[in-house]
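Below: one structure, written as C-alpha coordinates.
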Amino acid sequence: MRITTRTLVILLITASSFSVFGQSNYSPNQRVALVIGNSNYDTGPLLNPGNDARAMAQALRETNFEVLEYIDLATKADMKRAIREFGKKIQNGG
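Per the working numbering, the very first residue in the sequence shown carries number 907; after that it's consecutive.
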(Lines of atoms letter the chains of each structure in order from A and count residues from 1; the text may use other names and numbers.)
(Lines give C-alpha, C1' and ligand atoms only; values in the text may rest on other atoms or scores of the structure.)
Protein backbone atom coordinates (compact mmCIF):
# COMPACT_ATOMS: atom_id res chain seq x y z
CA MET A 1 0.00 0.00 0.00
CA ARG A 2 2.94 2.38 0.53
CA ILE A 3 3.67 2.23 -3.18
CA THR A 4 0.09 3.24 -3.92
CA THR A 5 0.26 6.19 -1.52
CA ARG A 6 3.55 7.42 -2.94
CA THR A 7 2.31 6.95 -6.48
CA LEU A 8 -0.81 8.98 -5.71
CA VAL A 9 1.27 11.79 -4.23
CA ILE A 10 3.61 11.85 -7.23
CA LEU A 11 0.71 11.81 -9.68
CA LEU A 12 -1.04 14.66 -7.90
CA ILE A 13 2.11 16.77 -7.86
CA THR A 14 2.68 16.06 -11.54
CA ALA A 15 -0.92 16.91 -12.35
CA SER A 16 -0.64 20.17 -10.46
CA SER A 17 2.44 21.11 -12.46
CA PHE A 18 0.74 20.43 -15.80
CA SER A 19 -2.45 22.19 -14.76
CA VAL A 20 -0.63 25.26 -13.51
CA PHE A 21 1.52 25.53 -16.64
CA GLY A 22 -1.67 25.55 -18.69
CA GLN A 23 -2.96 28.66 -16.93
CA SER A 24 -2.41 32.03 -18.56
CA ASN A 25 -1.89 33.72 -15.19
CA TYR A 26 0.72 31.17 -14.08
CA SER A 27 3.70 32.43 -12.13
CA PRO A 28 6.68 30.15 -11.47
CA ASN A 29 6.42 31.24 -7.84
CA GLN A 30 2.92 29.77 -7.49
CA ARG A 31 3.09 26.04 -6.85
CA VAL A 32 0.37 24.01 -5.19
CA ALA A 33 0.47 20.39 -4.10
CA LEU A 34 -2.18 18.09 -2.70
CA VAL A 35 -0.86 15.52 -0.24
CA ILE A 36 -3.16 12.88 1.22
CA GLY A 37 -2.05 10.18 3.64
CA ASN A 38 -4.70 7.67 4.66
CA SER A 39 -3.78 5.04 7.25
CA ASN A 40 -7.19 3.75 8.29
CA TYR A 41 -8.72 1.02 6.14
CA ASP A 42 -11.37 -1.64 6.73
CA THR A 43 -8.69 -4.31 6.46
CA GLY A 44 -6.65 -2.65 9.19
CA PRO A 45 -4.51 0.41 9.78
CA LEU A 46 -1.27 1.05 7.93
CA LEU A 47 1.72 2.41 9.82
CA ASN A 48 3.33 4.88 7.45
CA PRO A 49 0.97 6.79 5.12
CA GLY A 50 0.36 9.60 7.62
CA ASN A 51 4.06 9.97 8.39
CA ASP A 52 4.97 9.76 4.70
CA ALA A 53 2.39 12.41 3.81
CA ARG A 54 3.60 14.76 6.56
CA ALA A 55 7.21 14.34 5.43
CA MET A 56 6.27 14.93 1.79
CA ALA A 57 4.22 17.99 2.69
CA GLN A 58 7.11 19.43 4.71
CA ALA A 59 9.57 18.81 1.86
CA LEU A 60 7.21 20.53 -0.57
CA ARG A 61 6.75 23.52 1.75
CA GLU A 62 10.53 23.84 1.98
CA THR A 63 10.60 24.20 -1.81
CA ASN A 64 7.93 26.93 -1.74
CA PHE A 65 4.86 24.86 -2.55
CA GLU A 66 1.54 25.79 -1.03
CA VAL A 67 0.47 22.43 0.36
CA LEU A 68 -3.04 21.18 0.93
CA GLU A 69 -2.34 18.40 3.41
CA TYR A 70 -4.87 15.84 4.57
CA ILE A 71 -4.28 12.95 6.93
CA ASP A 72 -6.77 10.10 7.40
CA LEU A 73 -9.73 11.37 5.44
CA ALA A 74 -12.67 9.41 6.79
CA THR A 75 -14.86 9.07 3.70
CA LYS A 76 -14.82 9.09 -0.06
CA ALA A 77 -16.75 12.38 0.15
CA ASP A 78 -13.89 13.87 2.20
CA MET A 79 -11.42 12.74 -0.47
CA LYS A 80 -13.53 14.27 -3.24
CA ARG A 81 -13.81 17.51 -1.27
CA ALA A 82 -10.02 17.72 -0.90
CA ILE A 83 -9.52 17.07 -4.61
CA ARG A 84 -12.14 19.72 -5.51
CA GLU A 85 -10.39 22.25 -3.28
CA PHE A 86 -7.09 21.43 -4.98
CA GLY A 87 -8.74 21.77 -8.40
CA LYS A 88 -10.05 25.23 -7.50
CA LYS A 89 -6.60 26.30 -6.33
CA ILE A 90 -4.86 25.28 -9.53
CA GLN A 91 -7.70 26.57 -11.70
CA ASN A 92 -7.15 30.01 -10.20
CA GLY A 93 -3.48 29.89 -11.10
CA GLY A 94 -2.24 29.39 -7.60
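Every residue gets a Cβ at the ideal spot worked out from N, C-alpha and C, and that includes glycine.
Review point. Looking at Val941 and Glu975, is the spacing between their C-beta atoms short of 8 Å?
Key: Against the sequence shown, residue 975 aligns to sequence position 69. Against the sequence shown, residue 941 aligns to sequence position 35. Taking 8 Å as the Cβ cut-off, Glu975 and Val941 qualify as a contacting pair.
Check your understanding: Under three-state DSSP, which class holds Gly993?
Key -> Looking up residue 993 in the sequence shown gives position 87. Here Gly993 sits in helix by DSSP.
Review point. Under 8 Å between the Cβ atoms of Ala959 and Ile977?
Key: Residue mapping note: residue 959 aligns to position 53 of the sequence shown, counting from 1. Residue mapping note: residue 977 aligns to position 71 of the sequence shown, counting from 1. Against a cut-off of 8 Å, the Cβ pair of Ile977 and Ala959 comes out as a contact.
Review point. Buried or exposed: where does Leu966 fall if 16 or more other Cβ atoms within 10 Å of its Cβ makes it buried?
Key: If you number the sequence shown from 1, residue 966 lands on position 60. Buried is the call here.
Review point. Do you know how far the Cα of Gly993 is from the Cα of Leu952?
Key: The residue you call residue 952 lines up with position 46 of the sequence shown. The residue you call residue 993 lines up with position 87 of the sequence shown. Leu952 and Gly993: Cα-Cα distance of roughly 27 Å.
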